[in-house]
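Step one of this worksheet: look at the structure below.
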Ligand SMILES: NC(=O)C1=CN([C@@H]2O[C@H](COP(=O)(O)OP(=O)(O)OC[C@H]3O[C@@H](n4cnc5c(N)ncnc54)[C@H](OP(=O)(O)O)[C@@H]3O)[C@@H](O)[C@H]2O)C=CC1
Ligand SMILES: Nc1c(N[C@@H]2O[C@H](COP(=O)(O)O)[C@@H](O)[C@H]2O)[nH]c(=O)[nH]c1=O
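Numbering (UniProt numbering), first residue to last: 1 to 338.
Written out as structure tokens, the structure is:
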């Protein structure tokens with residue numbers, strides 16, 4: 001069961017950035033010997049939840065009647081939102097044992113575990129956290145939904161800063177270049193772009209770099225809503241100093257461009273638009289303000305050395321009860337082809 005849950009978490013982490021405002025969720029259905037019969041992840045908002053994807057997979061393979069165990073990274077929902085309750089869908093399968101990675105933080109949807117336990121012919125429902133030897137998997141599942149949890153409970157997205165520094169500690173690229181870190185660091189930076197729903201940048205970066213902010217080092221999600229880019233600029237007017245050509249190019253690349261003259265209000269602005277996870281890609285000016293306003297949840301520093309880049313991850317102690325970072329999970333677990 002452990003290796004299967006582990007692989008399920010990795011596969012689910014690969015959907016980060018595709019599902020907002022929903023969380024990333026995965027489900028595997030096993031037979032009585034613990035062999036995987038079917039599985040699924042939630043592909044995007046409005047599409048079927050992970051449990052339904054897995055049940056449909058089992059149905060198509062003609063193995064639904066052999067299902068004995070269901071593994072889910074998040075407690076099955078217990079309400080009718082855009083789709084019907086997954087607790088009920090599982091009750092319509094022969095699954096006897098249900099293993100859950102993390103409780104649903106959304107008060108509107110939670111209660112699935114109790115429903116499954118108390119339904120006629122109740123199911124055995126176990127949270128991974130109840131077993132000490134599975135605690136690390138439970139933590140991974142909590143990290144997987146940390147951005148969603150932050151938005152639902154605190155009305156702000158999870159905010160990750162990515163800062164690249166050269167050997168001298170400067171963030172400024174050599175003349176004529178936009179980046180200077182290694183190919184594998186850039187690939188990781190593009191992983192983070194892929195996993196996040198929005199980018200927060202500063203007008204200095206837009207004017208100096210003419211950045212594209214696209215995912216190029218790895219394949220992007222085949223379907224995703226428009227990503228948001230917020231440019232912080234206090235120079236006034238609806239678009240500040242943001243060049244109209246850049247705005248047009250970003251729109252063509254699938255970004256919604258917003259301009260803000262008030263960094264402190266950006267988290268609320270993004271949460272209202274359903275952003276679970278935002279990253280900051282900006283120069284020293286905006287990073288100083290992000291730090292002073294304490295707007296970040298985790299901070300990734302990529303330092304170039306003359307051998308391999310050093311990557312340091314700092315997580316705000318108060319960000320979630322375990323200080324768990326979805327960024328760490330992304331680094332360790334995502335399995336996109338490169
Ligand atoms: N190494 C790396 O990781 C990166 C490096 N860079 C490099 O950084 C350089 C650009 O840096 P920099 O000029 O500092 O640009 P920034 O992208 O950091 O933008 C700075 C701007 O942010 C705005 N700003 C600051 N605080 C606030 C606030 N509280 N509310 C709203 N807006 C705010 C200011 O606008 P205003 O002037 O209107 O007050 C300021 O001019 C470039 O050379 C670029 O290549 C860029 C990104 C990443
Ligand atoms: N210099 C630097 C980064 N800088 C970020 O990358 C942006 C350019 O992105 P793009 O236009 O998509 O190539 C740039 O404007 C800045 O936000 N990132 C890194 O991972 N490593 C680096 O060394």
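Ideal Cβ positions, reconstructed from N, Cα and C, are used throughout, including at glycine.
In three-state terms, what does DSSP make of residue i?
| i | result |
| --- | --- |
| residue 182 | coil |
| residue 385 | Residue 385 lies beyond the stretch modelled for the chain, which goes from 1 to 338, so this question has no answer here. |
| residue 273 | coil |
| residue 298 | strand |
| residue 26 | strand |
| residue 338 | Only weak support is given to the placement of residue 338: the predicted model assigns it a pLDDT of 35, under 50, and the question is left unresolved by the model. |
| residue 139 | helix |
| residue 163 | strand |
| residue 303 | strand |
| residue 293 | coil |
| residue 343 | Residue 343 is absent from the model: the chain starts at 1 and stops at 338. |
| residue 310 | strand |
| residue 114 | helix |
| residue 198 | strand |
| residue 38 | strand |
| residue 329 | helix |
With a threshold of 7 Å, establish whether the CB of residue i neighbours any heavy atom of ligand 1.
| i | result |
| --- | --- |
| residue 360 | Here the chain has residues from 1 to 338 only, and residue 360 is not among them. |
| residue 172 | yes |
| residue 352 | In the structure as shown, the chain starts at 1 and stops at 338, and residue 352 therefore has no counterpart that could be examined. |
| residue 163 | yes |
| residue 303 | no |
| residue 210 | no |
| residue 182 | no |
| residue 284 | yes |
| residue 253 | no |
| residue 289 | yes |
| residue 87 | no |
| residue 260 | yes |
| residue 369 | The displayed coordinates of the chain run from 1 to 338. Any statement about residue 369 would go beyond what the structure contains. |
| residue 17 | no |
| residue 256 | no |
| residue 327 | no |
| residue 263 | yes |
| residue 237 | no |
| residue 201 | yes |
Quick one: is the Cβ of residue i within less than 7 Å of any heavy atom of ligand 2?
| i | result |
| --- | --- |
| residue 160 | no |
| residue 189 | yes |
| residue 178 | yes |
| residue 186 | yes |
| residue 213 | yes |
| residue 205 | yes |
| residue 281 | yes |
Report the partner residues of residue i according to the DSSP bridge assignment.
| i | result |
| --- | --- |
| residue 100 | 72, 127 |
| residue 315 | 298 |
Mind pulling the beta strand (DSSP E) runs of 3 or more residues that sit fully within the segment 200-274?
-> Look at the segment 200-274 and you find these whole runs of beta strand (DSSP E), each 3 residues long or longer: 227-232, 255-260.
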